[in-house]
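Worksheet: one structure, shown below.
Protein chains: 2
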Amino acid sequence: MTAILDDQDATNHRPVVPRLTLAQGSGGQLSDDLFISCILPRLGNRVLNDLLDSAILPGADRIALTIDSCVVQPLKFPGGDIGRLAVCGAVNDLAVCGAKPLGLALSLILSEGLERSVLEEVLDSIAATGAEAGVRVVTGDTKVIPRGLGAGLCISTAGVGAAGPPEVHPGAIRPGDLVLISGTIADHGLAVLLARDMPHLRSAVRSDVAPLNGMIHRLLDEVAGVVFLRDPSSGGLAGVVVDIAARTGLHVTLYEKDIPILPHTRHAADMLGIDPLEVANEGKVVVVVRPEAVDNVLDALRADKYGKDTQIIGVVGTEPDGVCDLRTEIGGSRILQKPYGEQLMRIG
Amino acid sequence: MTAILDDQDATNHRPVVPRLTLAQGSGGQLSDDLFISCILPRLGNRVLNDLLDSAILPGADRIALTIDSCVVQPLKFPGGDIGRLAVCGAVNDLAVCGAKPLGLALSLILSEGLERSVLEEVLDSIAATGAEAGVRVVTGDTKVIPRGLGAGLCISTAGVGAAGPPEVHPGAIRPGDLVLISGTIADHGLAVLLARDMPHLRSAVRSDVAPLNGMIHRLLDEVAGVVFLRDPSSGGLAGVVVDIAARTGLHVTLYEKDIPILPHTRHAADMLGIDPLEVANEGKVVVVVRPEAVDNVLDALRADKYGKDTQIIGVVGTEPDGVCDLRTEIGGSRILQKPYGEQLMRIG
Numbered sequence: 026m027t028a029i030l031d032d033q034d035a036t037n038h039r040p041v042v043p044r045l046t047l048a049q050g051s052g053g054q055l056s057d058d059l060f061i062s063c064i065l066p067r068l069g070n071r072v073l074n075d076l077l078d079s080a081i082l083p084g085a086d087r088i089a090l091t092i093d094s095c096v097v098q099p100l101k102f103p104g105g106d107i108g109r110l111a112v113c114g115a116v117n118d119l120a121v122c123g124a125k126p127l128g129l130a131l132s133l134i135l136s137e138g139l140e141r142s143v144l145e146e147v148l149d150s151i152a153a154t155g156a157e158a159g160v161r162v163v164t165g166d167t168k169v170i171p172r173g174l175g176a177g178l179c180i181s182t183a184g185v186g187a188a189g190p191p192e193v194h195p196g197a198i199r200p201g202d203l204v205l206i207s208g209t210i211a212d213h214g215l216a217v218l219l220a221r222d223m224p225h226l227r228s229a230v231r232s233d234v235a236p237l238n239g240m241i242h243r244l245l246d247e248v249a250g251v252v253f254l255r256d257p258s259s260g261g262l263a264g265v266v267v268d269i270a271a272r273t274g275l276h277v278t279l280y281e282k283d284i285p286i287l288p289h290t291r292h293a294a295d296m297l298g299i300d301p302l303e304v305a306n307e308g309k310v311v312v313v314v315r316p317e318a319v320d321n322v323l324d325a326l327r328a329d330k331y332g333k334d335t336q337i338i339g340v341v342g343t344e345p346d347g348v349c350d351l352r353t354e355i356g357g358s359r360i361l362q363k364p365y366g367e368q369l370m371r372i373g
Numbered sequence: 026m027t028a029i030l031d032d033q034d035a036t037n038h039r040p041v042v043p044r045l046t047l048a049q050g051s052g053g054q055l056s057d058d059l060f061i062s063c064i065l066p067r068l069g070n071r072v073l074n075d076l077l078d079s080a081i082l083p084g085a086d087r088i089a090l091t092i093d094s095c096v097v098q099p100l101k102f103p104g105g106d107i108g109r110l111a112v113c114g115a116v117n118d119l120a121v122c123g124a125k126p127l128g129l130a131l132s133l134i135l136s137e138g139l140e141r142s143v144l145e146e147v148l149d150s151i152a153a154t155g156a157e158a159g160v161r162v163v164t165g166d167t168k169v170i171p172r173g174l175g176a177g178l179c180i181s182t183a184g185v186g187a188a189g190p191p192e193v194h195p196g197a198i199r200p201g202d203l204v205l206i207s208g209t210i211a212d213h214g215l216a217v218l219l220a221r222d223m224p225h226l227r228s229a230v231r232s233d234v235a236p237l238n239g240m241i242h243r244l245l246d247e248v249a250g251v252v253f254l255r256d257p258s259s260g261g262l263a264g265v266v267v268d269i270a271a272r273t274g275l276h277v278t279l280y281e282k283d284i285p286i287l288p289h290t291r292h293a294a295d296m297l298g299i300d301p302l303e304v305a306n307e308g309k310v311v312v313v314v315r316p317e318a319v320d321n322v323l324d325a326l327r328a329d330k331y332g333k334d335t336q337i338i339g340v341v342g343t344e345p346d347g348v349c350d351l352r353t354e355i356g357g358s359r360i361l362q363k364p365y366g367e368q369l370m371r372i373g
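Sequence lines, in order, name chains U and S.
In terms of my numbering, the numbers along the first sequence are unbroken and rise by one, the last being 373.
In terms of my numbering, the numbers along the second sequence are unbroken and rise by one, the last being 373.
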């Protein structure tokens with residue numbers, strides 16, 4: 026029995042009970058720890074262990090499955106709302122695994138007392154975003170939980186897709202491959218943070234939440250040499266690139282000056298003391314490509330409204346150190362890490 | 026603008042805002058109303074409109090998709106827990122559509138402050154139930170929401186399955202078909218209700234929560250003449266049979282004396298003044314069969330530990346009235362209705 030006592034329990038000498046913290050749901054290192062120490066030992070299997078955004082189901086003809094829950098507050102924020110987020114989360118997780126969406130399953134957990142008009146607006150947004158992405162809600166479940174127990178409205182969206190060739194997998198990444206981002210970073214997380222914590226501030230920061238399946242499938246269908254895709258949602262760009270370095274065991278260099286960021290987003294991040302590389306995006310994709318394919322990939326992405334600001338931001342090196350370094354604008358270099366815990370909470 | 030004011034708003038003359046009630050998540054008529062008036066007009070499509078437990082995805086080779094959320098309190102109850110419920114809900118929804126599970130997607134919405142050991146127990150239960158059902162969690166998502174906003178632990182489970190022939194669909198039901206239930210009713214809902222509202226009562230009522238896919242697939246593989254299957258979860262046996270009558274437009278007669286119910290469950294229902302026909306089950310299936318197939322179906326179901334108490338409980342008639350009547354034990358008859366709203370809340 027541990028002898029460590031917390032303040033609350035000091036009087037009656039009960040041991041401290043390990044409890045979950047917000048940071049363990051943030052998509053950072055603490056989330057990874059919870060997953061690796063608690064979930065994987067119990068539920069681990071070959072498919073789950075691969076830790077991709079979607080699972081390719083064993084026993085079916087390349088059917089992909091993903092699930093994403095949205096607990097964002099506020100429900101509506103500049104540039105989007107929880108309904109658009111719920112559709113895009115699932116659609117984009119399928120798309121980055123090369124899977125075209127076949128249908129969505131929608132689980133609504135609503136609080137007693139929620140205004141019906143709020144639910145209706147969210148459903149309208151789900152319908153509109155589904156129409157844009159070309160995917161339908163084919164099944165669902167609705168629960169209402171007692172007032173005071175619920176966060177108003179939580180949505181879990183599962184998506185099923187058909188994963189055609191080519192297979193995109195981090196195992197295919199090799200030295201010399203280039204790292205691209207399909208547009209400006211940090212807009213979603215900062216838009217939500219400002220809307221939640223500074224609701225009276227008038228800011229131009231708008232969430233980038235968007236379905237990327239159209240752009241990604243045109244890219245995969247038309248251009249060879251795309252090796253890997255991942256959407257930098259919770260954990261941000263840093264989370265994705267650090268993961269790429271760790272999984273491949275190769276060195277990745279990012280060039281800060283090439284990473285697109287809107288002036289007002291940078292301003293908001295500076296003001297709040299937040300690293301924009303660690304902020305969630307919901308309408309961007311990191312693409313790793315063979316160097317000889319990069320011009321065609323840039324052309325294909327930039328031809329899409331959601332990819333017009335695509336930039337080459339990094340390169341995979343030969344050093345087998347599994348580390349990502351950022352070459353800063355002022356000529357320095359620092360080792361990137363995944364965000365540790367809660368930087369921006371409840372924005373996904 | 027409506028002139029109706031509620032007490033709270035009487036002083037400042039704001040109009041009443043329509044808000045959600047617990048009853049709208051109960052699986053009864055009010056749930057149907059919410060679905061039909063709010064969700065279907067916005068998200069409706071050919072597949073969703075079919076209102077089956079799983080959707081057969083268009084564009085794929087008979088791939089079925091379902092989703093089920095569990096918000097049960099308490100998390101652990103006699104006979105089961107939220108983890109077993111989360112797996113069985115999805116697996117059974119696939120099974121009653123004739124689909125063999127290929128994989129599960131697990132969305133965990135956890136509250137800050139939840140004891141880690143509670144999460145670990147739930148994960149252990151998910152793993153054990155998955156092993157029993159022969160299905161794995163292949164992908165997932167974990168969010169932690171702030172203390173005070175959350176119900177401790179909510180789980181949404183999506184399941185994907187391969188739906189082989191024969192197709193089971195209410196459209197195939199015709200006069201003369203027999204209605205079977207695979208065992209005793211009302212155990213799950215009453216076990217949860219007693220555990221939640223009367224935690225100090227010692228009762229023998231135990232939830233029946235169980236994965237039925239093994240039993241159902243053996244039945245479908247080995248015996249011809251099964252027309253339709255549905256698990257009587259929220260809404261209970263009454264909900265399923267009333268739906269069958271309404272969807273087929275045929276008269277269904279149920280015989281109360283033939284409906285299996287354990288003595289202590291009947292006693293608990295009587296004590297609480299609850300109609301056991303309206304209480305949720307999580308390990309039972311209603312099966313509609315051709316009359317010539319009934320002996321083989323009975324043999325197949327009774328050979329399984331989850332179907333040993335299977336009984337013929339009703340018959341589909343010729344009258345085109347879409348109504349279900351219950352022949353009572355004392356020789357009377359009453360028209361069955363779907364539960365209206367909240368009878369047993371948060372048990373699914």
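Ideal Cβ positions, reconstructed from N, Cα and C, are used throughout, including at glycine.
Within chain S, the residues that U:Leu46 reaches when beta carbons sit closer than 9 Å:
The count along the first sequence starts at 1 and reaches residue 46 of chain U at position 21. With the sequence shown as reference, residue 46 of chain U is identified as Thr, and Leu is not the correct amino acid for it. Ordered by position in chain S, the residues that pass the 9 Å Cβ test against U:Thr46 are Glu137, Gly138 and Val169.
Near the ligand FMN: U:Cys179 beta-carbon under 7 Å from a heavy atom
Ligands displayed in this structure: none; no statement on the ligand FMN is therefore possible.
Does S:Lys168 pass the burial test, meaning 16 or more other C-beta atoms within 10 Å, or should it be called exposed?
Residue numbering aside, residue 168 of chain S sits at position 143 when the second sequence is read from its first letter. Counting the other Cβ atoms within 10 Å of the Cβ of S:Lys168 gives 16 or more, which makes it buried.
Where are the beta strand (DSSP E) runs, 3 residues long or more, that stay fully inside the segment 66 to 106 of chain U, in chain order?
You should have 88 to 95.
For S:Leu226, collect the residues of the same chain with a Cβ closer than 7 Å to its Cβ; drop the 5 residues on either side in sequence, then sort them by chain order.
In the second sequence, the residue the question calls residue 226 of chain S occupies position 201. Take S:Leu226, set aside five residues on each side of it, and the residues of its chain with a beta-carbon closer than 7 Å to its own are Leu219, in chain order.
Just checking my contact of S:Ala124 with S:Ser79 at CB under 8 Å: how many whole Å lie between their CB atoms?
To locate residue 124 of chain S, count along the second sequence from 1; it is residue 99. To locate residue 79 of chain S, count along the second sequence from 1; it is residue 54. Taking a contact as a CB-CB distance under 8 Å, the pair S:Ala124 and S:Ser79 counts as one, their CB atoms being some 6 Å apart.
Under 8 Å between the Cβ atoms of U:Thr164 and S:Leu119?
What you label residue 164 of chain U is simply residue 139 of the first sequence in a count that begins at 1. What you label residue 119 of chain S is simply residue 94 of the second sequence in a count that begins at 1. The answer is no: Cβ separation not under 8 Å.
Is it the case that the Cβ atoms of U:Val304 and U:Leu215 are separated by a distance below 8 Å?
The residue labelled residue 304 of chain U in the question sits at position 279 within the first sequence. The residue labelled residue 215 of chain U in the question sits at position 190 within the first sequence. The answer is yes: Cβ separation under 8 Å.
With a cut-off of 8 Å on the beta carbons, I'd call U:Leu326 and U:Ser207 a contact; round off their distance for me.
Locating residue 326 of chain U in the first sequence gives position 301, where the first residue counts as 1. Locating residue 207 of chain U in the first sequence gives position 182, where the first residue counts as 1. With 8 Å as the limit, U:Leu326 and U:Ser207 qualify as a contact, their Cβ atoms being about 6 Å apart.
Residues of the segment 105 to 118 of chain U in Cβ contact with chain S at a cutoff of 8 Å, in chain order, please.
Considering only beta carbons, no part of the segment 105 to 118 of chain U lies closer than 8 Å to chain S.
State the start and end residues of the unbroken alpha helix (DSSP H) segment that holds U:Pro126.
For the purposes of this step, residue 126 of chain U is taken as the residue at position 101 of the first sequence. In the DSSP assignment, U:Pro126 falls outside any alpha helix (DSSP H) and within the unbroken beta strand (DSSP E) covering Ala124 to Ser136.
On the CB-based measure, 16 or more other CB atoms within 10 Å of its CB, does S:Ser232 come out buried or exposed?
One-based indexing of the second sequence puts residue 232 of chain S at position 207. By the Cβ neighbour-count rule, S:Ser232 is buried, with 16 or more other Cβ atoms within 10 Å of its own.
Is the Cβ-Cβ distance between U:Ile284 and U:Ile210 less than 8 Å?
In the first sequence, counting from the first residue as 1, residue 284 of chain U sits at position 259. In the first sequence, counting from the first residue as 1, residue 210 of chain U sits at position 185. Taking 8 Å as the Cβ cut-off, U:Ile284 and U:Ile210 qualify as a contacting pair.
If we define contact as Cβ-Cβ less than 8 Å, is S:Asp58 a contact residue for chain U?
Translated into the one-based positions of the second sequence, residue 58 of chain S becomes position 33. So no, S:Asp58 is outside the interface.
In this structure, does DSSP put U:Val162 in helix, strand or coil?
As a first step, residue 162 of chain U must be located in the first sequence, where it is residue number 137. Correct three-state label for U:Val162: strand.
Taking the alpha carbon of U:Leu279 as the point to measure from, which residue in U:Gly250, U:Gly201, U:Ser228 and U:Leu127 has its own alpha carbon closest?
Translated into the one-based positions of the first sequence, residue 279 of chain U becomes position 254. Taking U:Leu279 as reference, the option from U:Gly250, U:Gly201, U:Ser228 and U:Leu127 with the minimal CA-CA separation is U:Gly201.
Go ahead and label U:Thr182 buried or exposed: buried means 16 or more other beta carbons lie within 10 angstroms of its beta carbon, across all protein chains shown.
Locating residue 182 of chain U in the first sequence gives position 157, where the first residue counts as 1. Flag for U:Thr182 reads buried.
State the Cα-Cα distance for the pair U:Arg221 and U:Gly339, rounded to the nearest angstrom.
Stepping through the first sequence from its first residue, residue 221 of chain U is reached at position 196. Stepping through the first sequence from its first residue, residue 339 of chain U is reached at position 314. Rounded to the nearest angstrom, the gap between the Cα atoms of U:Arg221 and U:Gly339 is 33 Å.
Is DSSP giving S:Ser358 helix, strand or coil here?
Taking the second sequence and counting its residues from 1, one reaches residue 358 of chain S at position 333. S:Ser358 falls in the strand class under three-state DSSP.
Only counting the same chain, and skipping five residues up and downstream in sequence, which positions put a Cβ closer than 6 Å to that of U:Ala263?
The residue given as residue 263 of chain U occupies position 238 in the first sequence. Excluding sequence neighbours, U:Ala263 sits near Leu302, Glu303 and Leu361.
Of all Cβ atoms in chain S, is any one closer than 8 Å to the Cβ of U:Ser232?
Residue numbering aside, residue 232 of chain U sits at position 207 when the first sequence is read from its first letter. No, no contact with chain S.
Per DSSP, which one or two residues make a beta bridge with S:Ala187?
Stepping through the second sequence from its first residue, residue 187 of chain S is reached at position 162. BP columns for S:Ala187 point to S:Ile88 and S:Lys125.
My guess is that U:Pro195 and U:Arg272 are in contact by the Cβ rule of under 8 Å, so how many angstroms apart are they, rounded?
Position 170 of the first sequence holds residue 195 of chain U. Position 247 of the first sequence holds residue 272 of chain U. Confirmed, about 5 Å.
Are at least three pairs of beta-carbons, each pair with one atom in the segment 151 to 159 of chain S and one in the segment 103 to 117 of chain S, less than 8 Å apart?
Yes: at least three Cβ pairs fall under 8 Å.
Would you mind working out which of U:Pro316, U:Ile88, U:Pro126 and U:Val121 sits nearest U:Val193, comparing C-alpha positions?
Counted from its first residue, the first sequence places residue 193 of chain U at position 168. Minimum Cα distance to U:Val193 is reached at U:Val121.
Cutoff 8 Å: S:Pro190 Cβ touching any chain U Cβ:
As a first step, residue 190 of chain S must be located in the second sequence, where it is residue number 165. No - not a single Cβ of chain U is within 8 Å of the one on S:Pro190.
Measure the Cβ-Cβ separation of S:Val277 and S:Val265 and say whether it is below 8 Å.
Position 252 of the second sequence, counted from the first residue, corresponds to residue 277 of chain S. Position 240 of the second sequence, counted from the first residue, corresponds to residue 265 of chain S. No, Cβ-Cβ distance for S:Val277 and S:Val265 is not below 8 Å.
8 Å CB neighbourhood of U:Ile92 in its chain, flanking five on each side removed
Here residue 92 of chain U refers to the residue found at position 67 of the first sequence. A distance below 8 Å between beta-carbons, with the five flanking residues on each side excluded, links U:Ile92 to the following residues of its chain, in chain order: Ala115, Ser181, Thr182, Ala183 and Gly184.
Spatial neighbours of U:Glu354 within its chain, please: C-beta separation below 8 Å, excluding the five flanking residues on both sides.
Position 329 of the first sequence holds residue 354 of chain U. Result list for U:Glu354: Glu281 and Lys282, in chain order.
Status (buried if at least 16 other CB within 10 Å, exposed otherwise) for U:Arg71
As a first step, residue 71 of chain U must be located in the first sequence, where it is residue number 46. Label assigned to U:Arg71: exposed.
With a threshold of 7 Å on Cβ separation, who are the neighbours of U:Ile286 within its own chain once the five nearest residues in sequence on each side are excluded?
As a first step, residue 286 of chain U is located in the first sequence; it is residue number 261 there, counting from the start. Once the five neighbours on either side are set aside, the close Cβ partners of U:Ile286 are Thr209, Ile210, Ala211 and Pro301.
Which runs of the beta strand (DSSP E) fall wholly inside the segment 306 to 339 of chain S and span at least 3 residues, in chain order?
Listed in chain order, the complete beta strand (DSSP E) runs (minimum 3 residues) inside the segment 306 to 339 of chain S are 311 to 314.
What residues from the segment 119 to 131 of chain U come within 8 Å of chain S, judged by C-beta to C-beta, listed N to C?
So the close ones are Leu127, Gly128, Ala130 and Leu131.
Within-8 Å CB hit, U:Asp31 to chain S
Your numbering for residue 31 of chain U matches position 6 in the first sequence. Residue placement at U:Asp31 cannot be trusted, given a pLDDT of 45 that sits under 50; the coordinates are not used to answer.
S:Thr350 (DSSP reduced to helix, strand or coil):
Here residue 350 of chain S corresponds to residue number 325 of the second sequence, with the count starting at 1. Looking at the sequence shown, residue 350 of chain S is not Thr but Asp. Strand.
Just how far apart, CA to CA, sit U:Asp106 and U:Val234?
The residue labelled residue 106 of chain U in the question sits at position 81 within the first sequence. The residue labelled residue 234 of chain U in the question sits at position 209 within the first sequence. When rounded, the distance between both Cα atoms is 9 Å.
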